Each structure stands twice: as structure tokens, then as C-alpha cells.
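**Q** If you're matching them up, the sequences are chains A and B in order. Add 130 to the 1-based position in the first sequence for the working numbering, that's all there is to it. Add 130 to the 1-based position in the second sequence for the working numbering, that's all there is to it.
There are 2 protein chains.
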Amino acid sequence: MYGLISKLKAEPGQREALMAILLQGTRAMPGCIHYIIGRDTQDERTLWVVETWDSPQAHRSSLALPEVVEAMTRGKPLIAAIEQRVETEPLETTSCS
Amino acid sequence: MYGLISKLKAEPGQREALMAILLQGTRAMPGCIHYIIGRDTQDERTLWVVETWDSPQAHRSSLALPEVVEAMTRGKPLIAAIEQRVETEPLETTSCS
Numbered sequence: 131m132y133g134l135i136s137k138l139k140a141e142p143g144q145r146e147a148l149m150a151i152l153l154q155g156t157r158a159m160p161g162c163i164h165y166i167i168g169r170d171t172q173d174e175r176t177l178w179v180v181e182t183w184d185s186p187q188a189h190r191s192s193l194a195l196p197e198v199v200e201a202m203t204r205g206k207p208l209i210a211a212i213e214q215r216v217e218t219e220p221l222e223t224t225s226c227s
Numbered sequence: 131m132y133g134l135i136s137k138l139k140a141e142p143g144q145r146e147a148l149m150a151i152l153l154q155g156t157r158a159m160p161g162c163i164h165y166i167i168g169r170d171t172q173d174e175r176t177l178w179v180v181e182t183w184d185s186p187q188a189h190r191s192s193l194a195l196p197e198v199v200e201a202m203t204r205g206k207p208l209i210a211a212i213e214q215r216v217e218t219e220p221l222e223t224t225s226c227s
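(1) Quick one: using the 10 Å Cβ neighbour count with 16 as the cut-off for buried, is A:Leu193 buried or exposed?
(2) To be precise: take each residue of the stretch 148-171 of chain B, compare its Cβ to all Cβ atoms of chain A, and keep it if any distance is under 8 Å. Which residues remain?
(3) A:Glu213 by DSSP, collapsed to three states: which one?
(4) Would you decide whether B:Glu222 is buried or exposed? Buried here means 16 or more other CB atoms lie within 10 Å of its CB.
(5) CB-CB under 8 Å to B:Pro186, same chain, minus the five flanking residues each way: which ones, in chain order?
(6) Apply the 10 Å Cβ neighbour rule to B:Ile167 and answer buried if 16 or more other Cβ atoms are within range, or exposed otherwise.
(7) Let me know the secondary structure DSSP gives A:Gly161 once reduced to three states.
(8) Do you know whose CA, among A:Val199, A:Arg175, A:Ala140, lies nearest A:Arg157's CA?
(9) Please report how far the alpha carbon of A:Ala211 lies from the alpha carbon of A:Asp184, in whole angstroms.
(10) Could you check if A:Glu181 is buried or exposed, using at least 16 other CB atoms within 10 Å of its CB as the buried criterion?
(11) My guess is that A:Arg145 and A:Arg175 are in contact by the Cβ rule of under 8 Å, so how many angstroms apart are they, rounded?
(12) Taking B:Thr203 as the query, report the chain A residues whose CB atoms sit under 8 Å from its CB, ordered along the chain.
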């Protein structure tokens, strides 16, 4: 298992547009287990993306998918900064309900 | 939807024990959608917990569950610091595969 937690700061007023682009571009990625996009409740420009993948390779391969390439191209101008990016090794057993 | 992202620093040598306690205590929590525990790959004492819930109320109610109370009691001495704790509003549509 491979995980990523990213804190993105959108350009002013662009958070919703950026989230929509990320959501659209990440619907069918082989080996992706979770791709959770959330608004930071304390900062109107900040969003968090939590990803879990079968493997680092699955994540790396996703970066070449046409939908992902397109989302990155469209989303990049809306990102002011990647303020945090953490790699994790998630536990296999993670569901809670 | 309600989300929490927490960065915990375990006491030296206690990260695995802490993760096991967290995992055991969070298996059957009503309203919990995700509870993802991951090792930070850059710091051997750091772990991340990503939670998504139906609502803030569901999260709050979970804190009174016997299993959760027990896990918090057992886990607390193994936590050196809560270094980060972020509230999020996750998007409803989050799956990627």
C-alpha cells in the first residue's frame, strides 16, 4: 500500500474549480483505492487530497493516464502552492464501518 | 460529510503499538466512512490518521463508544504529540476505482 496526503493552496476564488477538475480527472485509475478531496474548514483557499494506492507503481502509472494528464494541465494554473506533501504506508485494514 | 486529518508523533519505539491500538478500537463506529492509518515514510515516529464521517455528530458520538474510550485510554500514553490536526469537508464523491 502506498499513500499520499497533499495540502494544496488554490489561487484566490479557484478552490471549487480546482476540486472539480481533480474529481473529474481521477475517476478511473487502476490500483487507486481512495482519492478523497476535502475543503479545509479553516482556510477558504486550502484543500486536501488523500490518496491510497495498491503500490507506488500504480500511482506512478496513473500520471500517464490521459484523464490525469488533462486534469493536471487544467488544474495547474489554479494551484498557488503545494504547501505539504507526505508519503505514507497505509495499513491494509482501514475500513471502520 | 466531515473529515479529520491528524499527524501523531508516537513515543520512541511505540508507533506500531499505537497503530494496533487505534486499529482495534475503530472497527465498528456508526457513521464512519474511512479510518485510514498510515506510517509516515520519512519519520519513524510519525503516523497519520485520515477519517471521514457522515457528519460532525457521528464523529462526536464515536468518542463515547466503549471500544473508542478504551483505545484512547490505552493509546494516549504512547502519543508524544499531536503535531497537526485539520478539519475538512470532504466531497461526497471520492472513490477512484
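Here a beta-carbon is modelled for each residue, glycine too, at the ideal position from N, C-alpha and C. Keep in mind the model is a prediction, meaning the values are calculated, not measured.
**A** For this structure:
(1) exposed
(2) Met149, Leu153, Thr156, Arg157, Ala158, Met159, Pro160, Gly161, Cys162, Ile163, His164, Tyr165, Ile166, Ile167, Gly168, Arg169, Asp170, Thr171
(3) strand
(4) exposed
(5) Tyr132
(6) buried
(7) coil
(8) A:Val199
(9) 27 Å
(10) buried
(11) 6 Å
(12) Near B:Thr203 there are no residues of chain A at all, since even the closest Cβ is about 19 Å away, more than 8 Å.
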